[in-house]
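**Student:** Here's a structure for you.
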Amino acid sequence: PPPGDPVLVVRGLSMHFGKVAALSQVDISVPEHGVLGVIGPNGAGKSTLVDAISGFLPRADGVVELDGHPLTGSPTRRARAGLRRTFQQDRVPPGLSVGAYVRFVARRRLSEPEIAEALDFFGCPPSRTPLSRVDVGARRLVEVAGHLLARPRVLLLDEPAAGLPHEEHVVLGSRLRQVPARFGVSVLLIEHDLDLVRSVCDTITVLDFGQVLASGPQDEVLADPAVLKAYMGE
Ligand code: ADP
Ligand code: MG
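According to the UniProt record's numbering, the sequence shown holds residues 337 to 570 in order.
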């Protein structure tokens, strides 16, 4: 696509759980080689958004387009089309080394130097380290490295900083900021830490009760009185 065109576009996305409208007519757009932040109070629908985009909620209504083409079908099919995601909960299979986990996540052939370079970029322990000796926060970064080495078009990150000590948020932010240029991957970042969002995101969409409360350049959105009110109310 031409520079500046969005790589991932979502229109009119809706998802109900019984009487709960987890998402109501949500529109979002991830900039090509940029980072969209999605923020909002607990229960706002952020994880549901990631689930719906990545194909884990086939009952969701609405349109998802990747590079102008409809993105449909199972999560595996959407991953093959270039859309990958992380989960809020840890999903690490037991008994793997760091390098084996990277390969497990990427699901493709990777050279050892390629893996080592990506691990180094994120400050992760070396490839041969048993995952059981890596803490939760670092394991999440190993997972991110694996996804990026699969060279998707877009990576959806659901609260990657959760479980990391606050001082590591800054390091994570500086790394994520470089992901589009370094890996050629656009990012949708769901995050609670507004300082991290501020340091990483080009544009921001705010969800509240399943609806888009505000959307646009980060400086405008974070100065929006309605956004501040939603956060104070949390
Ligand atoms: P967030 O990630 O922003 O904290 P979620 O997307 O997890 O919010 O949840 C949005 C709303 O949908 C909440 O009211 C939550 O209770 C509800 N919800 C999410 N997943 C399910 C589910 N599998 N079944 C029933 N309700 C759900
Ligand atoms: Mg969530």
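All residues carry an ideal CB built from backbone N, CA and C; glycine is no exception.
Can you grab the Cα-Cα spacing for the pair Tyr567 / Leu530, in whole Å?
**Tutor:** Reading the sequence shown from its first residue, position 231 is the one you call residue 567. Reading the sequence shown from its first residue, position 194 is the one you call residue 530. Taking the straight line from one Cα to the other gives about 10 angstroms.
**Student:** From His405 to Ser551, what distance separates their C-alpha atoms?
**Tutor:** Sequence index remark: in the sequence shown, residue 405 carries index 69 (1-based). Sequence index remark: in the sequence shown, residue 551 carries index 215 (1-based). Spanning the two alpha carbons is a distance of roughly 23 angstroms.
**Student:** Beta-carbon within less than 7 angstroms of Val366's beta-carbon, same chain only, minus the 5 sequence neighbours each way: which residues are those?
**Tutor:** One-based indexing of the sequence shown puts residue 366 at position 30. These residues qualify, in order along the chain: Pro342, Val343, Leu344, Leu372, Val490, Ser522, Leu524.
**Student:** In whole angstroms, what separates the C-alpha of Val434 from that of Ile389?
**Tutor:** Taking the first residue of the sequence shown as 1, we reach residue 434 at position 98. Taking the first residue of the sequence shown as 1, we reach residue 389 at position 53. A straight line joining the alpha-carbon of Val434 with that of Ile389 spans about 28 angstroms.
**Student:** Span of the beta strand (DSSP E) holding Glu448?
**Tutor:** Numbered from its first residue, the sequence shown carries residue 448 at position 112. It is not in any beta strand (DSSP E) - Glu448 instead sits in the alpha helix (DSSP H) that spans 448-457.
**Student:** Please tell me whether Leu467 and Arg475 are closer than 8 angstroms, where the distance is taken between their beta carbons.
**Tutor:** Here residue 467 corresponds to residue number 131 of the sequence shown, with the count starting at 1. Here residue 475 corresponds to residue number 139 of the sequence shown, with the count starting at 1. Yes, the pair counts as a contact, with Cβ atoms nearer than the cut-off.
**Student:** Determine whether the beta carbon atoms of Leu508 and Leu532 lie at a separation below 8 angstroms.
**Tutor:** Numbered from 1 along the sequence shown, position 172 holds the residue referred to as residue 508. Numbered from 1 along the sequence shown, position 196 holds the residue referred to as residue 532. A contact, by the Cβ cut-off of 8 angstroms.
**Student:** Would you please verify whether the beta carbon of Ser433 is less than 8 angstroms from any beta carbon of chain B?
**Tutor:** In the structure shown, chain B cannot be found, because there is only a single protein chain.
**Student:** Do three or more CB pairs link the segment 350-361 to the segment 535-547 at distances below 8 angstroms?
**Tutor:** Short answer: they touch.
**Student:** Would you say Arg487 and Gly520 are within 8 angstroms of each other, going by their C-beta atoms?
**Tutor:** Looking up residue 487 in the sequence shown gives position 151. Looking up residue 520 in the sequence shown gives position 184. Yes, the Cβ-Cβ distance between Arg487 and Gly520 is below 8 angstroms.
**Student:** Per DSSP, what kind of secondary structure is Thr408 in: helix, strand or coil?
**Tutor:** As a first step, residue 408 is located in the sequence shown; it is residue number 72 there, counting from the start. The answer is coil: DSSP assigns Thr408 none of H, G, I, E or B.
**Student:** Does DSSP classify Val557 as helix, strand or coil?
**Tutor:** Taking the first residue of the sequence shown as 1, we reach residue 557 at position 221. Residue state, collapsed to three classes: helix.
**Student:** Kindly provide the ranges of any beta strand (DSSP E) runs that are 3 or more residues long and lie completely inside the segment 469-511, ordered along the chain.
**Tutor:** 490-494
**Student:** With a threshold of 6 angstroms on Cβ separation, who are the neighbours of Ala454 within its own chain once the five nearest residues in sequence on each side are excluded?
**Tutor:** Within the sequence shown, numbered from 1, the residue matching residue 454 stands at position 118. Hits under 6 angstroms: Ala481, Leu485.
**Student:** To the nearest angstrom, report how far apart Arg445 and Arg439 are at their CA atoms.
**Tutor:** On the sequence shown, position 109 is the one that residue 445 refers to. On the sequence shown, position 103 is the one that residue 439 refers to. The straight-line gap from Cα to Cα measures roughly 7 angstroms.
**Student:** Looking at Ser350 and Ala396, is the spacing between their C-beta atoms short of 8 angstroms?
**Tutor:** Translated into positions along the sequence shown, residue 396 becomes position 60. Translated into positions along the sequence shown, residue 350 becomes position 14. Taking 8 angstroms as the Cβ cut-off, Ala396 and Ser350 qualify as a contacting pair.
**Student:** Looking at the unbroken beta strand (DSSP E) that takes in Thr541, where does it start and where does it end?
**Tutor:** Position 205 of the sequence shown, counting from 1, holds the residue named residue 541. Where Thr541 is concerned, the enclosing beta strand (DSSP E) stretches over 539-544.
**Student:** According to DSSP, is Val533 helix, strand or coil?
**Tutor:** For the purposes of this step, residue 533 is identified with residue 197 of the sequence shown, where counting begins at 1. Here Val533 sits in helix by DSSP.
**Student:** For the ligand MG, list every residue whose C-beta falls under 7 angstroms from any of its heavy atoms, going in chain order.
**Tutor:** The answer, residue by residue, is Lys382, Ser383, Gln424, Asp494, Glu495, Ile526.
**Student:** Determine, using beta carbons only, whether Pro516 and Gly418 come nearer to each other than 8 angstroms.
**Tutor:** In the sequence shown, the residue the question calls residue 516 occupies position 180. In the sequence shown, the residue the question calls residue 418 occupies position 82. The answer is no: Cβ separation not under 8 angstroms.
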